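Engineer: Residue numbers (my numbering): 76 to 347. Glycine is no exception: its CB is placed at the ideal position from the N, C-alpha and C atoms. Values in this document were obtained by computation on a predicted structure and should not be read as measured data.
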């Protein structure tokens with residue numbers, strides 16, 4: 076098994092993605108929004124959760140090499156919004172692999188994507204992500220850049236706790252991520268889990284809701300960017316607490332489970 080290093084720097088053909096108001100409402104339900112967030116879960120004066128940008132900017136997947144897909148996990152996710160997303164709309168996205176890094180026990184593959192308006196060609200979303208593939212390290216490559224993130228030496232300015240539902244992954248997958256790791260117990264067992272885990276991007280969306288309401292006044296137009304590293308799996312039904320430190324427009328955050336296990340680390344957001 077091996078990664079295809081010839082993919083680095085090669086841009087994909089443009090891929091068009093459109094969405095409806097139903098899609099963005101379903102996404103909001105999938106990341107835990109409910110009756111106290113009707114602006115996102117009903118059509119009345121509907122607005123869109125900023126983290127939907129990650130789905131909107133997803134390009135067509137490409138095979139990164141020859142490996143067991145059960146050994147691939149989402150490692151990092153970041154996005155920047157050039158403007159608020161409409162309830163229904165569309166973008167044209169191109170993406171490219173920007174690096175394949177040797178982490179010893181596995182490989183970290185990084186990808187950047189740019190999404191532009193279908194009609195005007197103006198930038199809408201810039202997205203960065205990475206996946207970690209266990210067993211694909213040891214090829215003698217660069218270990219990749221280091222992150223100097225550190226939590227401030229003070230108590231968080233905000234702490235927000237949300238509970239996920241036992242069926243949360245089954246709702247979230249209807250937004251398009253049908254990876255059986257999140258629904259099929261047998262597939263999850265191949266990956267070393269005793270039951271299906273929650274999508275990392277669902278945990279990311281739950282965290283985004285906490286940031287939106289705690290520091291952006293529930294106004295998606297103020298939410299400009301978000302980045303974080305997935306550090307531990309979440310099982311549907313577990314509660315998540317987001318600790319948030321604010322320094323003007325710059326926000327640091329960390330998401331953890333009830334037992335203190337950090338599930339999203341090195342979090343950064345930009346709020347207007």
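#1: Does the beta-carbon distance from residue 297 to residue 291 come in below 7 Å?
#2: Could you check the C-alpha separation between residue 104 and residue 247 for me, to the nearest Å?
#3: Would you list the residues sitting across from residue 83 in a DSSP beta bridge?
#4: To the nearest angstrom, how far is it from the Cα of residue 324 to the Cα of residue 110?
#5: Are there 16 or more other CB atoms within 10 angstroms of the CB of residue 214, so buried, or fewer, so exposed?
#6: Report the rounded CA-to-CA distance for residue 331 versus residue 97, giving the unit in angstroms.
#7: Thinking just about the alpha-carbon of each residue, which of 160, 235, 273 is nearest to the one in residue 197?
#8: Going by DSSP, what residues sit across from residue 305 in a beta bridge?
#9: Please report the residue range of the beta strand (DSSP E) in which residue 198 lies.
#10: I'd like the list of long-range same chain contacts for residue 132, defined as Cβ closer than 6 Å, with 5 residues on each side in sequence excluded.
#11: Looking at C-beta atoms only, is the number of pairs between the region 229–238 and the region 168–185 that lie closer than 8 Å three or more?
#12: For the beta strand (DSSP E) containing residue 317, name the first residue and the last one.
Structural biologist: The short version:
#1: yes
#2: 8 Å
#3: 172
#4: 29 Å
#5: exposed
#6: 30 Å
#7: 160
#8: 339
#9: 198–209
#10: 168, 188, 190, 200, 202
#11: no
#12: 314–322
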